[in-house]
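Residue numbers (UniProt numbering): 1 to 382. Even for Gly, the Cβ is constructed at its ideal location relative to N, Cα and C. This one's a predicted model, so the numbers in the text were calculated from it and none came from an experiment.
If you want it as structure tokens, here you go:
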């Protein structure tokens, strides 16, 4: 499958007469860079450049990362054997996704997270539904952190402190460190081209993805959060079109986020926390999948669809879904926000029945007070 996907990219590049030079590239000037590959060094001259050097996993100084039993997300994908007991450091998206995979393969999974919930960026009510499901699969240690990691012949011994910390060091067959990523901006000798890189390794760009050097652009993880592939792809389109002389800029209203776990957790637009921070008067509306015929028939009735509306304009400003294949339902909410839809626009759109995506329309009906599939709290009493 991986060969099919990467081979397809190589084929498209060849068809478009793109010359691919494999190796580690570094700037040597404002219009030159040097690539060091298996066959030596290659000097490339350019009129315009797009920096898309990405990011790498964060490493902590007290962890012996050189031990092959201590993984980052790339190591976890290069499956050599299935550990009997795996510790996931970090309850964010990457850690939970890999934990889901290894649980399915038979590993016993412990997750340690310093905050009071996993997926800290998502709303608490959505995460609560998710946590109820995964607590049957994972041992979650919230409000807890790792303080020491020691590699021994018979395993990796981990010491923790916090609310759920075990009293004694725990032995694991492998440890996945998934505590975030750091941009690769400092690895490019960008200063030799005059490109400014901040202390964290990010490169600042404008809405056309230009750096402080007008003919050098940057996209993806290296320009800032969120570090998501689909954001980087759209930035790449904008940068390429600007270089081609077209008037274009990157200014999305929303960028969706999805945790590819089971169940999936997906959100787009503002969360409740973000709405509060912006001082927006908002109202939420949720539709439980327990009231969805399709969800019941598909054995995924413990999901939920949530919409967040501006209380004054009734426009949708955010939404989230937790449930099997929840990410597949997110597109409608994202488009609704981009198009400036209000609750009535969504509620009056006829959704196919029985489907999971009709939960989006039903959540809008909850806000509108026109819901008939659930008790209607906004119904006028006679």
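- Note that the C-beta distance between residue 346 and residue 336 is below 8 Å.
- If you draw a 10 Å sphere on the C-beta of residue 233, you find fewer than 16 other C-beta atoms in it, and that means exposed.
- A contact is defined here as three or more CB-CB pairs under 8 Å, and the segment 173-181 fails this definition with respect to the segment 197-210.
- Only exposed fits residue 225, as fewer than 16 other CB atoms lie within 10 angstroms of its CB.
- Per DSSP, residue 197 is not a residue of any beta strand (DSSP E), being assigned neither H nor E.
- Selection 133, 150, 110 evaluated against residue 166 yields 110 as nearest (Cα-Cα).
- Assigned with DSSP and collapsed to three states, residue 317 falls in strand.
- Residue range 155-162 is occupied by the beta strand (DSSP E) that includes residue 155.
- When the five nearest sequence neighbours on each side are left out, the beta carbons in the same chain lying within less than 6 Å of the beta carbon of residue 30 are those of 193, 194, in order along the chain.
- Secondary structure at residue 202: coil, using DSSP grouped into helix, strand and coil.
- Residue 358 and residue 214 have their C-alpha atoms roughly 47 Å apart.
- If you draw a straight line from the Cα of residue 89 to the Cα of residue 139, it comes to about 12 Å.
- Beta-bridge pairing by DSSP links residue 170 to 158.
- Between the alpha carbons of residue 92 and residue 242 lies a distance of about 35 Å.
- Under the three-state reduction of DSSP output, residue 308 falls in the strand class.
- Beta-bridge annotation (DSSP): residue 139 is paired with 110.
- Per DSSP, the unbroken alpha helix (DSSP H) holding residue 98 starts and ends at 93-104.
- Taking 8 Å as the cut-off, the Cβ atoms of residue 366 and residue 333 do not count as close.
- Runs of the alpha helix (DSSP H) spanning 4 or more residues and lying entirely within the segment 243-305 occur at 272-277, 293-297, in chain order.
- Taking 8 Å as the upper bound for CB-CB distance, residue 269 and residue 317 are in contact here, some 6 Å apart.
- Under DSSP, residue 32 forms a beta bridge with 29, 45.
- For the options 249, 141, 374, the alpha carbon positioned closest to that of residue 292 is the one of 374.
- Annotated three-state conformation of residue 152 is strand, per DSSP.
- Residue 4 counts as exposed, since fewer than 16 other C-beta atoms from the protein chains shown sit within 10 angstroms of its C-beta.
- Take the alpha-carbon of residue 154 and the one of residue 172: they are about 9 Å apart.
- Annotation: the continuous alpha helix (DSSP H) that includes residue 9 extends over 2-15.
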